[in-house]
Amino acid sequence: MALLSPLRSVVAQIAEKVRHPNRTLRKLVNFLLFLLEQKVFQHERAWNMPTEAFVDVCSLCDLRCPLCPTGLRLDTNKKGRISLPDFKRVVDQLYPWLFDLHLYNWGEPLLNKAVFDMVRYARSKNVRTLISSHLNHLPDGWEEEMVSAGLDVLMISLDGASQASYQIYRVGGVFDRVVDNIRRIVAEKRRQGSARPFVEWRFLVMKHNEGERDKARAMAEDLGVDRIVFEPVRVNMYLDIFTPISQLIESDRDWLPVSDRRYDHDKRDVKTPLGRCPQPWKWVSIDWDGDVFPCCSIYDDAFAFGNVFEQDFRSLWNGPAYREARRIVSRRGMKEKSEIVCAYCHRYNVRYRQKYPRKSELLDAVRKTG
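Take any residue in the sequence shown, note its place counting from 1, add 504, and you have its number in the working numbering.
Here it is as structure tokens:
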């Protein structure tokens, strides 16, 4: 039975891609190659290309969420917005293999005025588009733009069912404004007769708001969103790849819900280990300025694998940094004193003895905010 579970997982993943609305034969073959790489071969030079991508179209955010490095205003990455021509340069190098393109990462994507033109361009290349937004910013007429552009999925970060609970984490956010903006988008979908975007209310469950889940479910039904998802909050998102989880659970305990599906508070560990990291074979994260990273959890320009505006993506994908990252996560060893970010990662049970070498004073300051 133990062997059947991984097999079922693989079959489920393949079935999902076969049903994907933007599938092509090339994408399906590329995904099968990814599965072979992740599960079997784990070559340093990958046979496949990425199946998904994150492009941070805007690394700025107007809220100050206390477990987010952008909200904390950390200075370890550059801030800005990608231009439409630069976005097209990125997509043109990746689209033949991509099922999904996430137009967000560390910032608020709706602070980029060209975001819906970017959605249109990605869709013209047969790539599904997803945006995650706190939705405090939706100028007049943008709901029409969002629907007509063909955005596939809109994930709305709304952590509470009242201003009193919402503002504790989404510092600077206005609950009623977000709710009104949801109503505008749902009404515009009906007006245009469109099923897109699929509107998902994402509710981060924390100690102070876990009692509002039933109220949120009722509100979601009234608002007409397509789905509401309750996801337990993560510990500090900047530190969690550089710091043992036991330390972060202790320092961030006041945020964690009592009914926590993610962390075991007594053992100070994750309840379900993530296992071996698939990310250096699966996807790529690209900042607004073209910097390339092997996953979306890295908030530090020092760990970039290169820049897609200075070098062809194919050469980066199987370049020295990616090859070393794959060697590290496949546990085939690594160079002494490696500078690759994977050598410091604690998220996927890759627990090396190297310690994060930069900005120790900043790390100490962030720990104190927990």
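The C-beta atom is built at its ideal place from N, Cα and C for all residues, glycine as well.
- With contacts defined as CB atoms closer than 8 Å, Pro736 and Arg766 qualify as a contacting pair.
- The closest CA to that of Pro600, considering only Phe734, Tyr848, Ala720, Asn526, is found on Asn526.
- Taking 4 residues as the minimum length, the alpha helix (DSSP H) runs contained wholly in the region 739–795 are 749–755, 783–786, in order along the chain.
- With fewer than three CB-CB distances shorter than 8 Å, the region 561–570 does not count as touching the region 778–786.
- Annotation for Arg706: no alpha helix (DSSP H) segment contains it, though the beta strand (DSSP E) segment containing it runs 702–709.
- The Cβ atoms of Ala653 and Glu716 lie no closer than 8 Å to each other.
- Unbroken beta strand (DSSP E) stretches of 3 residues or longer found wholly inside the region 548–597: 556–559, given in chain order.
- Selection Ala557, His638, Leu642 evaluated against Gln671 yields His638 as nearest (Cα-Cα).
- For the options His547, Glu714, Pro748, the alpha carbon positioned closest to that of Leu760 is the one of Glu714.
- As computed with DSSP, Phe797 is found in a beta bridge with Ser789.
- In terms of Cβ geometry, Ser636 and Tyr608 form a close pair [threshold 8 Å].
- A direct Cα-to-Cα measurement between Gly823 and Lys719 gives close to 50 Å.
- Between Pro573 and Val675, the C-beta gap is not smaller than 8 Å, which leaves the two residues out of contact.
- Rounded to whole angstroms, the separation of the alpha carbons of Ala691 and Arg549 is 48 Å.
- Counting the other CB atoms within 10 Å of its CB gives Val522 a total below 16, which places it among the exposed residues.
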